[in-house]
């Protein structure tokens, strides 16, 4: 909880800059790209996240990555700050918090959907639209297949949990039968 | 002959002697003897009086004990009545407590029985429900097709829209 609060503070700082220059979406892309590079290279991750190397060496590595990714000054400054304060391991949390701020600014809400069978793109879009009308926001669902649902779908989005699966109907039937 | 003559003189002498002795005894022994007899008389009289007093006290004591003895019967009767009343009271109290205890035990047993019945019924319902759901799930899995899933997705979309 404290870690998330700290992460939100850093994300808010970067978002304020991005909102001002209108480039908050780009900053998100750059942070995501940086995170992918770090996560793909365990040595880089260890070098940046763990304070084993001397600070100037870690700064050199960070500068090399920033140059290679052609990152803009604000996200690069945030990364430098995190390195100096030994808080590079907060980066995944900061990215999540920043993404939520970007989504919120763009009226987008992300959620997860579970489907018993593979779902067509058309059906997914229709579900997102229906949910978007309900939440008065654009909805983006990350769909996953879950055969345990037997049939139907279940979505968790924007504080909503809507379960239209056969599994849920059987659970409700079970609850009714045991209550009687 | 001389012995015969001296005998009367001796006898007389003895008599005079005796008379003198008696006279001396009367002269000197009369008062102490009289005092002794008086003292003896007084002592006997005192003892007789004491005996009379003791007899009188014994009579009084006897009267007291006789009075007490006569009251003892009524005292025993009163004690017996009181003891019986106390016993009856204790008996009633014990019976009341026993009735109360029996009533509470009956109530507890009833509640325990009802609770156990409730739990048993819940277990039975749970068991029946689980088996029913298992059977229903198996049947649905066998019969359920992609088309059914698509129909459910359509229903889901309609439901979400209808809630709006």
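Residue numbers (our numbering), protein chains in the order written: chain S, 1336 to 1515; chain H, 22 to 185. From the three backbone atoms N, C-alpha and C, an ideal C-beta is built for every residue, glycine too. All figures in this text were calculated on a predicted structure; none of them were measured in a lab.
task = Using the Cα positions of residue 1346 of chain S and residue 1474 of chain S, report the straight-line distance between them to the nearest angstrom.
result = 22 Å
Neighbour flag for residue 146 of chain H against chain S, beta carbons, 8 Å = yes
Short CB-CB distance (under 8 Å) between residue 152 of chain H and chain S = no
query = Can you name the residues of chain H whose CB is closer than 7 Å to the CB of residue 1508 of chain S?
reply = 154
inquiry  = At the level of alpha carbons, what is the spacing between residue 1416 of chain S and residue 1504 of chain S?
reply    = 51 Å
task = Look at the Cβ atom of residue 1404 of chain S, then the Cβ atom of residue 1372 of chain S, and state whether they are nearer than 8 Å.
result = yes
request  = Have a look at S:1486, S:1464 and S:1479 and flag the residue whose alpha-carbon is nearest the alpha-carbon of residue 158 of chain H.
outcome  = S:1486
key: Residues, ordered as in the chain, of the region 160–172 of chain H that lie near chain S by beta-carbon distance below 8 Å   = 161, 162, 165, 167, 169, 170 and 171
key: Cutoff 7 Å; reference residue 1368 of chain S; Cβ partners in own chain excluding five residues on either side   = 1404
message = Please report the straight-line C-alpha distance between residue 1480 of chain S and residue 128 of chain H, rounded to a whole angstrom.
response = 56 Å
query = Name the residues in the region 1465–1490 of chain S whose C-beta lies less than 7 Å from a C-beta of chain H; which are they?
reply = 1465, 1466, 1468, 1469, 1485, 1486, 1487 and 1488
key: Beta-carbon proximity check, residue 1386 of chain S vs residue 1424 of chain S, cutoff 8 Å   = no
task = Using three-state DSSP, classify residue 1399 of chain S as helix, strand or coil.
result = helix
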